[in-house]
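Structure record follows, encoded as structure tokens.
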Amino acid sequence: MNIDLLTAETLEKLHDLAHWLGDPVRDCAILAEGNVSAAVGADKKTFWLKASGSSLASMRPDEFVLMDTERSLSICDYENLDDEGITRVLTEAKADPSSPHRPSTEAGLHAACLVEGEAGAVGHTHPVPFLQILCSERAEEALSGRLFPDEIVVTGPAPCLVPYVDPGPPLARASREAIIKYKAEWGVPPKVVLLRNHGLFALGKDVEEVKRVTSMATKVARALVGTFAMGGPRFMTPEAVNRIWTRPDEIYRLDKLDRLQLRSK
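156 is the number of the first residue of the sequence shown in my numbering; add one for each residue after it.
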């Protein structure tokens, strides 16, 4: 398929994000774990998505699939599909039917993050510190507050937590509903969507913000796990969280962070 310059530039940036997230030094994903996506253009009619079975650390540019956003989002609405049905709807959601690759099973969830989550790019990984929390008996308690100001500035006032649901249309639907509920409560889309017993979705307006959100969220997870060795977390008060979230100087600092370019090693 011939692609235009904008589509090609989006793919190049997403390819960089995949390698950045898959770098072993970050301990975010191994083997074929995780996936990434990025919308093409402001209208978001299509988006690039990692192909199923590819490795973030070593994948090639031709291992991405161009998806139709509207058809991918409709995956959230399917119920009672068997495995063959899931394969069929994923294939039908491809913007380029000639692509030989199978899209990630989480295509619907990525579409929900791009549309309902208002993201331009999405990174899904399985950082070990988050798995320690999300696979524990006390995950809801551990994620019920904020630890320090920079966590709020970079990742928002609260995470969006989704119970464990079978990957595919059921998880896409549950995540879409959780994102919509989060926006109604906080007035903004989440930067972090956490899947019980599964992993992390980092939402950003571009791939650089996905890197920042993933970096900060993973740092927070490490700190949070460590607090339980010292009696448990002492969260900031709701008043303090709201103050940081609305302070003009923190909003200014966030704007400065938007210009920060995290480089791959």
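Think of the CB as a built atom: it goes at the ideal place given N, C-alpha and C, for glycine as much as any other residue.
- In its chain, beyond the 5 residues on either side, 244, 324 have a beta carbon closer than 7 Å to the beta carbon of residue 233.
- In terms of Cβ geometry, residue 173 and residue 222 do not form a close pair [threshold 8 Å].
- When Cβ pairs closer than 8 Å are counted between the two stretches, the stretch 348-366 is seen to touch the stretch 312-330, the count reaching three or more.
- The alpha-carbon of residue 209 is positioned some 39 Å away from that of residue 396.
- CA-CA distance, residue 371 to residue 344, rounds to 17 Å.
- By the criterion of a C-beta distance shorter than 6 Å, residue 217 is surrounded by no residue of its chain, once the five residues flanking it on both sides are discounted.
- No Cβ-Cβ contact shorter than 8 Å links residue 269 with residue 378.
- Per DSSP, residue 195 is one residue of the beta strand (DSSP E) stretching across 190-195.
- For residue 357, the enclosing beta strand (DSSP E) starts and ends at 354-359.
- Judged by pairs of C-beta atoms under 8 Å, the stretch 269-282 touches the stretch 358-371, as three or more such pairs exist.
- The beta carbons of residue 226 and residue 197 sit no closer together than 8 Å.
- Remark: C-beta atoms of residue 368 and residue 357 approach each other more closely than 8 Å.
- Apart from the 5 residues on each side of it in sequence, residue 412 sits with its Cβ closer than 8 Å to the Cβ of 308, 309, 367 in its chain, given in chain order.
- Residue 223: member of the beta strand (DSSP E) spanning 219-223, first to last residue.
- Within the same chain, 282, 283 come within 7 Å of residue 182 by CB-CB distance, once the 5 residues on both sides are set aside.
- Assignment of beta-bridge partners to residue 203 by DSSP yields 193, 221.
- Excluding the 5 residues flanking it on each side, residue 314 has same chain C-beta neighbours closer than 6 Å at 298, 347, 349, in chain order.
- For residue 279, the enclosing beta strand (DSSP E) has its first and last residue at 276-280.
- Closest in C-alpha terms to residue 242, from the list 258, 169, 231, comes 258.
- Residue pairing by DSSP places residue 347 opposite 357 in a beta bridge.
- Between residue 220 and residue 253, the beta carbon gap of about 11 Å keeps them out of contact (Cβ cut-off 8 Å).
- Cβ-Cβ separation between residue 230 and residue 271: approximately 13 Å, too far for a contact (criterion under 8 Å).
- Counting only runs of at least 4 residues, the stretch 373-402 fully encloses the following alpha helix (DSSP H) elements, listed from N- to C-terminal order: 393-401.
- Apart from sequence neighbours up to five positions away, the residues of its chain that approach residue 179 with a beta-carbon distance below 8 Å are 185, 212, ordered along the chain.
- Short of 6 Å from the beta carbon of residue 162, and not among the five residues preceding or following it, lie these beta carbons of its own chain, in chain order: 195.
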